[in-house]
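A quick write-up on the structure given underneath.
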Amino acid sequence: MRNFGTMNATIAQLKKRFEQALVAAFGTDLAGTDPILVPASNPKFGDYQANVAMSLAKRLGRAPRAIAEQIIQHLEVSDICEPPTVAGAGFINLALKTQYLETQLKALQSDARLGIAPTQNPQRVIVDYPSPNIAKEMHVGHLRPSVIGDAIARVLEFLGHDVLRLSHIGDWGTPFGMLIAYVKETYPEALASGELALGDLATFYRAAKKRFDDDTTFQEAARLAVVQLQAGDAETLRAWKVVCNLSNRTNRQIFDLMGLSPHIQERGESFYNPHLAGVLEELKRLGLLVEDAGAQCVFLEGFTNKEGKPLPLIVQKSDGGYNYATTDLAAIRYRVAEDKVQRVIYPVGAEQTNHFAQIFQVGRRAGWITDEVEFFYAPLGAILGEDGKKLKSRSGDAVRLVDLLDEAIARARTDLETRLVEEKTRRDRRVYCQCRKSRRH
RNA sequence: GCUCCAGUAGCUCAGUUGGAUAGAGCAUCUGCCUUCUAAGCAGACGGUCACAGGUUCGAGUCCUGUCUGGGGCGCCA
C-alpha cells in the first residue's frame, strides 16, 4: 500500500462511501466493486467523478444513468461534497465543499510534513548517483542523473526510507590504462613527483585519447597498463591514487555547486575489483558461463545479433580484463547479499536501456535478483544543444559541467539584477503617477 | 537486418486502471486597464491525437500492421 496524504485520504474516504452506497443500492453482490473514482476530466464537472455506473450497465441490465441515480440516492458524502449530480452517459460528479477544503488546507499548513505520512513499510534503498570516470572531468551528461537522482533520493528519504546514495565512479579499467600508459610514456616526471593538476589531466586525457586512436601499439600498451593496475603493480597504483584524490576533490566541489546531498558515498569500480573473480566463479558454477572467441560470456535470452544468433554479455575479455558489465553484476550481487537492499534505482541515460535489461536478466538468472528486491532502471533523456543534438563544446567535446554551471549561475545573476532594476523603475514610476494624480484633485 | 523509445495546436508538452465537447503555457490576433516602447487582465484563433485496420456501449489511451524520428546491437563505459 502507498501511504496516503490528505488528498489521497479524501479519495480513499470517498471510495469507501461509494462501496457502501453500491451495496446499499444493489446488494452484497457488489461488495468490493471499484467505484472507478478519478479526478474530474474537466474542472467544470467538479473535482472528482465516478465512472462505475457505465461499467455496471451490462452486468445489471439497466441504463447507466438510472444506475447512477440509484447510487447517489444511497451515497452519503454531505460532510465532504456538495450534493452529487448525474451527468452525461452516467457520470457521477462530485464537488468538494469549500469548508471541507478549508479545513484540509489549514491542517496541511500547520503540519511540518504537509500532510504526507511516513511510509508504513520503510525499505533500504540504494540510489545510484552519477558515475563520472575520474580519469576525466565531469561533463554535461552528468547533470541530469545528478539532479534527478538527488531528487529521487530526497523524496524517498522524506517518505521514511533508508536511502544509501552510491556513486559508482569509474576509478578503474580501460581509460585509466590509456592514461597511465600515456603518462608513463610522455610525462614520467609527473608520475614520480605525484603532482598533477586536474586541468593538466584533462589535457592529458585528450592527448592520450588521440594517441590511443591513432596507434595500435599504444593501444596494446594501454591494455597492458590495465592488467598491471588489476594485478596491483605498486607504481601503477601510486599513479592511480594521485589521480583519484584530485578527481574526487574536484567532483565534490561540483556536487556542492549543484547542491547535492553531502551524504553521497563513493563506491566505484575499484571497490568491486576484489569481487569480480567470485562473480565469474559463481556464474560458471551455475552453468551460465560460456567461452566464446576467448571471452567469457553469458548468452542472453531475447537479445540477438545481426545474424539472429543469441547475443553474449561479455563478463571477461579475451585479454583477461573485466568490463562494465562485470562490475555492474558484482554490484548487483553485493547490494543484495551485503547491503540487503529491497530496492535499487538507477537514474541513467536512456541509451543504456539494453545494458540494464541485460545485466538485470543475468542477475535474475544467477538468482541474485529475486521477487523480494526491485532493481529499477530510470532512463533519462539527453540534454540537447540548439541543433537538437547532444550538447557539445566548439571543439566537439562534451561541455564541461563546471563551465556549464558557472555560465548558468552568471546568467541567472544577470537576469536577477536586470529584474531588480526594472522593478525599482516600475515602483518609482507608480509613485510618481500617484503623486501627480493626487495633486490634480 | 533485429530491437527499444517516441510521434497530440505554429512551438514546448499534460492527458492517471479505456469515459463527457482532447487541455495548459508560449506564440499570433482582438479588446480592456481614460496619460507609460512596461506589466497585467479578458477573449479569440489554432487538432483527420503520424497513418490504416481491429477489440466495445465508448479508444489519444488496448491489439495488429505501416510510415517518420531518435537510441542500442561481442570484448567502451
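Mind the numbering: the first sequence is residues 355 to 795 in the working numbering, read in order. Quick reminder that beta carbons are idealized off the backbone N, C-alpha and C, glycines included.
- The beta-bridge partner set that DSSP reports for R519 consists of V481.
- Of the residues G469, P418, Q706 and A471, the one whose Cα lies closest to the Cα of F445 is P418.
- Within the same chain, Cβ atoms closer than 6 Å to the Cβ of A736 are found at K744, the five residues on either side in sequence being excluded.
- If you look at P628, you'll find it in the alpha helix (DSSP H) that goes E623 to R639.
- Under the DSSP assignment, E645 falls in the beta strand (DSSP E) whose first and last residues are L643 to D646.
- In this structure, the straight-line span from the alpha carbon of E511 to that of I434 is close to 32 Å.
- Around the CB of D388, fewer than 16 other CB atoms lie within 10 Å, so the residue is classed as exposed.
- Contact between the region 684–696 and the region 718–729 is present, with at least three C-beta pairs closer than 8 Å.
- For the 8 Å CB-CB criterion, Y676 and Q670 form a contact.
- CA-CA distance, Q424 to A449, rounds to 19 Å.
- By alpha-carbon distance to A535, the top candidate from F714, I523, W594 and G495 is W594.
- Inter-residue distance for F380 and S464 is about 42 Å (C-alpha atoms, whole angstroms).
- Shown here for R719: same chain residues with a beta carbon closer than 7 Å to its own, the five before and five after excluded, namely L642 in chain order.
- S521 and A363 have their C-alpha atoms some 37 Å from each other.
- For N447, the uninterrupted beta strand (DSSP E) segment begins and ends at F445 to L448.
- Counting along the chain, I426 sits inside the alpha helix (DSSP H) bounded by residues P418 to Q427.
- Counting only the Cα atoms, V392 lies some 43 Å from L755.
- Excluding the 5 residues flanking it on each side, I488 has same chain C-beta neighbours closer than 8 Å at I523, G524, D525, V597, C598, S601, N602, N605 and G622, in chain order.
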